[in-house]
Amino acid sequence: MYETLKFDLSGRNAIFKKPDVNVKIYFTYNNIHKIALLGLLGAIIGLKGWHNNALFEKAVPEYPEFYTELKNISVSIIPIATKGYFPKKIQYFNNSVGYASKEEGGNLQVFEQWLENPKWTIYLKNDGVKPELWELLSNNLIHRKCYYVPYLGKNDFPAYINNVEKVKIKQERSDFIDSLFVGELDLIQDDATKDDKSPYIFAEYLPTGLQPKHNFYTYARIIYTNCMVKGRKETFLHGDICLSFI
Numbered sequence: 025m026y027e028t029l030k031f032d033l034s035g036r037n038a039i040f041k042k043p044d045v046n047v048k049i050y051f052t053y054n055n056i057h058k059i060a061l062l063g064l065l066g067a068i069i070g071l072k073g074w075h076n077n078a079l080f081e082k083a084v085p086e087y088p089e090f091y092t093e094l095k096n097i098s099v100s101i102i103p104i105a106t107k108g109y110f111p112k113k114i115q116y117f118n119n120s121v122g123y124a125s126k127e128e129g130g131n132l133q134v135f136e137q138w139l140e141n142p143k144w145t146i147y148l149k150n151d152g153v154k155p156e157l158w159e160l161l162s163n164n165l166i167h168r169k170c171y172y173v174p175y176l177g178k179n180d181f182p183a184y185i186n187n188v189e190k191v192k193i194k195q196e197r198s199d200f201i202d203s204l205f206v207g208e209l210d211l212i213q214d215d216a217t218k219d220d221k222s223p224y225i226f227a228e229y230l231p232t233g234l235q236p237k238h239n240f241y242t243y244a245r246i247i248y249t250n251c252m253v254k255g256r257k258e259t260f261l262h263g264d265i266c267l268s269f270i
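What follows is the structure in structure tokens.
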């Protein structure tokens, strides 16, 4: 048996920007990814983030502090959405603070894609984080404390954390996975589904790690499906909920 932290994470809106967009619209990933989630957890316990890390100067850490300290937390993410897909809308607004753009008039026109009413159930498993940091994180989550305000991609979107509890999970193999998981599409058998409904498969490439020094994302194919999944070596059960950790 393994002890994990479980909680619900939600917000009115969210944006987890894709860094490979070079057009007027900033697009978002459909789900919160591991790096964004670790950053949120780091904010809760007061770890330094991106803006505190001079990436291109001499003698700086390889990673932001939150990633260095929390990268050994394994996360399991269950989207609370029909077939794992959250509604999205393109929002348009002007940024006219003056220093935002060198365009005429100093007005930056921004187009962003926002998730609407996103919600996930999150499980956290300690696979090597310092005991004192894990204890601090557990206490802050349970007692609703935070050092910095956690948000969903930008500080306009505060994160709501509810139903925090410590739960036991057991390692056990299952043919169906209720969370996001790393995998290939040829693992999916769409002739059998957990709920005997029409099969669905949602897949996207999400950041799962950081490269040293310049901190570019490393990616993996993340899948969410109600279909049978063959060849999974490590899954965990919480009641009848099957979890895969990233």
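Position in the sequence shown (first residue = 1) + 24 = my numbering. Beta carbons are placed, not taken as given, at the ideal position from N, Cα and C, and that holds for glycine. A quick note: this is a predicted structure, and the numbers were derived from the prediction, not measured.
Can you pull the DSSP bridge partners for residue i?
i: T52; result: K41
i: E136; result: Y50, Q115
i: L267; result: F260
i: E189; result: K30
i: R245; result: Y229
i: F205; result: I247
i: Y175; result: P182
i: W144; result: L33, P103
i: T92; result: Note: T92 sits in no beta bridge, so no partner.
i: K194; result: L261
What's the call for residue i, buried or exposed, on a 16-neighbour Cβ count within 10 Å?
i: W74; result: exposed
i: H57; result: buried
i: G152; result: exposed
i: G263; result: exposed
i: N186; result: exposed
i: I166; result: exposed
i: E140; result: exposed
i: P90; result: Note that residue 90 is Phe in the sequence shown here, rather than Pro. Buried, because 16 or more other Cβ atoms sit within 10 Å of the Cβ of F90.
i: T145; result: buried
i: Y147; result: buried
Can you give me the C-alpha to C-alpha distance between residue i and residue j, rounded to a whole angstrom?
i: Q213; j: R245; result: 17 angstroms
i: L79; j: P85; result: Low confidence applies to L79: its pLDDT is 49, below 50, so where it sits in the model is not reliable, and the reading given next is rough at best. Each residue's Cα considered, the two are about 8 angstroms apart.
i: G70; j: P223; result: 42 angstroms
i: L211; j: K218; result: 15 angstroms
i: E258; j: D199; result: 11 angstroms
i: I68; j: V188; result: 14 angstroms
i: T242; j: F51; result: 18 angstroms
i: Q133; j: I114; result: 13 angstroms
i: L61; j: N131; result: 32 angstroms
i: F14; j: T232; result: Absent from the model: residue 14. The displayed extent of the chain is 25 to 270, so no value can be given.
i: C170; j: L176; result: 15 angstroms
Going by C-alpha to C-alpha distance, which of the options sits closest to residue i?
i: A227; options: Y241, G233, N250; result: N250
i: E27; options: Y87, V99, K178; result: V99
i: N54; options: L267, I247, E258; result: I247
i: C266; options: L230, I225, I193, P88; result: I193
i: K237; options: I59, L62, P88, V47; result: P88
i: M25; options: E140, K107, L261; result: L261
i: L209; options: K30, K254, Y171; result: K254
i: G116; options: K221, I49, F110; result: Looking at the sequence itself, residue 116 is Tyr, so the reference to Gly does not match. Looking at the Cα atoms, I49 is the closest of the given residues.
i: L64; options: Y172, F205, D202, R197; result: Y172
i: K143; options: N118, L161, W158, T106; result: T106
i: S268; options: N150, M252, D202, K190; result: D202
| Within the chosen definition, does the region 176-185 reach the region 31-39 through at least 3 CB pairs nearer than 8 angstroms? | yes
| Given 8 angstroms, three or more beta-carbon pairs between the region 41-52 and the region 147-164 | no
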